[in-house]
Amino acid sequence: MNVSTQVAEQRKVLEQAVAQALELAKASTDGAEVAVTKTTGIGVSTRYGEVENVEFNSDGALGITVYHQNRKGSASSTDLSPDAIKRTVQAAIDIARYTSVDPFGAPADPDLLAFDAPDLDLYHPWEIDADRAIELAAQAEQASLQADKRITNTEGGSFNSHVGIKVFGNSHGMLQSYCSSRHSLSSCVIAEQDGNMERDYAYTIGRSFDDLKSADWVGAECARRVLARLAPRKLSTMKAPVIFAPEVATGLFGHLVGMISGSSVYRKSTFLLDSLGKQILPEWLTIEEHPHLLKGLASTPFDSEGVRTQSRDIIKDGVLQNWLLTSYSARKLGLQSTGHAGGIHNWRIAGQGHSFDDMLKQMGTGLVVTEMMGSSINGMTGDYSRGASGFWVENGEIQYPVSEITIAGNLRDMWLNMVTVGNDIETRSNIQCGSVLLPEMKIAGQ
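Numbering (this note's numbering), first residue to last: 132 to 577.
Shown next, in the form of structure tokens:
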């Protein structure tokens, strides 16, 4: 039996499990939500071409939340037999008897539900055996090791291929499901020069195996990244322009997610509390959300409460358009859910057409940040401080790597004063953006 046939049969079984749980909950509750997820696949890792680990997994769980007399109870089970489901439903009902009364708890509003979920082309299984998976991991690792004699050690290569099934139903009559797949290949090595050792990695990921870059590319990219880090210097404490490389620029916007989430707003724990409809980013910058992007890594037809997802502008011409709301946070604020239970879905941050080299020239002298460590973010004030490493730039050209520095600023100022966003877009994240140039940050060094 091939993978697609197995997954189709499992999907039917999981849909039946959700239907059973909802039917059992109906008699004793005012409402219920049931979700089942199941993931099946293979993961392998190699070191110096030898197999370190081969793991086949098939994990699944059912979770139910019931609502009764303004009280809420939740329970879960990895056993999906009829008897286990019955016990799980009863456990949720029993728990609800002891929880606090909360008038805002209930399933999502029925007029917001995804009763007809679109196919987003997320499911591309690959019939791969352990031998082929090991071959790919070893090839990526070997391509790194052979690139330069300064690469002296390895943490290995890895390959993963998984398919998943998600089923969601609630007491409003919704029962929807979809399948997805995810494949990835990576390499991680250590380089040494004059007693200095540096580590770096590279990876490729996609819904379809055909979307992955080659093992040789992964290995070569890993080698390029680690060699560039050798012989880092320390900087003096100063203020200077900073470019966030794409892989860390996504995190700069990731902080925005938390600051405009409904829970932060109703708890009044965000410095953007009064910013809806106001400018918080430059006028030239728009953040679009595309939850129905075909084959998107963060695409989904509905959120974790069954609310249908839809394309929207989160930021339009620098102005905040929406809070990110679940059903609960929306009710607390007197608004409607925006379909963000479980997170965001493919944010796209349009650049201004500038290449990374153009941005270096525009900056002239300053810091390129390629890695962040630790985090000190004050949600009430926006004060920002993180450990960092990267490269020092003079006359628009990279001069040498730097490490053991701290960069600091305030998120409100950092967001509002962005100079430009590049066209070197990072597509492997739920936030897709290019490099970001900031006019000035505090850099703490030696």
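For each residue, glycine too, the CB sits at the ideal point set by N, CA and C.
Quick caveat, the model's predicted, so the values are computed rather than measured.
Counting only unbroken stretches of 4 or more residues, the alpha helix (DSSP H) elements lying wholly within the stretch 372-397 are 377-390, 393-397, in sequence order. Classified as exposed, T209 has fewer than 16 neighbouring CB atoms from the shown chains inside 10 Å of its CB. Note on the stretch 461-515: whole beta strand (DSSP E) runs with a minimum of 3 residues are 478-480, 497-508, in chain order. Residue burial annotation: T558 is exposed, with fewer than 16 other C-beta atoms found within 10 angstroms of its C-beta. The alpha-carbon separation between S520 and K365 amounts to approximately 10 Å.
In the displayed model, S442 falls within coil according to three-state DSSP, outside both helix and strand. Around the beta carbon of W546, a 10 Å sphere encloses 16 or more other beta carbons of the protein chains shown; the residue is thus reported as buried. Shown here for S435: same chain residues with a beta carbon closer than 8 Å to its own, the five before and five after excluded, namely A166, F299, A472, G473 in chain order. When C-alpha distances from R313 are compared across L407, G204, I173, G505, the shortest belongs to I173. Inside the stretch 158-191, DSSP marks whole beta strand (DSSP E) runs of 3 or more residues at positions 162-178, from first to last along the chain.
Per DSSP, the beta bridge partners of H293 are G172, R313.
In this structure, the straight-line span from the alpha carbon of S318 to that of G495 is close to 33 Å.
Per DSSP, S207 is one residue of the beta strand (DSSP E) stretching across 202-208. S520 is bridged by DSSP to E502.
Checking the DSSP bridge columns, you'll see R364 partnered with V533.
Nearest C-alpha to S534 among Q307, N453, I574: I574. Taking a contact as a CB-CB distance under 8 Å, the pair G497 and A371 counts as one, their CB atoms being some 5 Å apart. Shown here, Y198 sits in a strand according to DSSP, grouped into three states.
Look at E329 here: in three-state DSSP terms it is strand. Judged by DSSP secondary structure, E266 falls within the alpha helix (DSSP H) whose first and last residues are 261-276. Under the three-state reduction of DSSP, Y334 is assigned to strand. A residue is called buried once 16 or more other Cβ atoms fall within 10 Å of its Cβ, and F522 is buried on that count.
The Cβ atoms of T457 and G510 do not sit closer than 9 Å to each other. The DSSP-derived three-state label of P213 is helix. Linking Q307 to D242 through their CA atoms gives a straight-line distance of about 15 Å. DSSP places S308 in the strand class (E or B) of the three-state scheme. In the three-state DSSP reduction, G408 falls in the coil class, being neither helix nor strand. If you draw a straight line from the Cα of R281 to the Cα of S516, it comes to about 33 Å. For S318, the three-state secondary structure derived from DSSP is strand. Counted as a single uninterrupted DSSP element, the beta strand (DSSP E) harbouring A575 occupies residues 567-575. In the three-state scheme derived from DSSP, where H, G and I count as helix and E and B as strand, Q563 is classed as strand.
Between the stretch 174-185 and the stretch 152-163 there are fewer than three inter-stretch CB-CB distances shorter than 8 Å, so the stretches are not counted as touching. About 4 Å separates the CB atoms of I321 and N284; that is less than 8 Å, so the two are in contact. By DSSP's assignment, T285 forms a beta bridge with V320. The C-beta separation of T168 from N188 comes to about 13 Å, leaving the pair out of contact by the 8 Å criterion. Here DSSP, grouped into helix, strand and coil, assigns K344 to coil.
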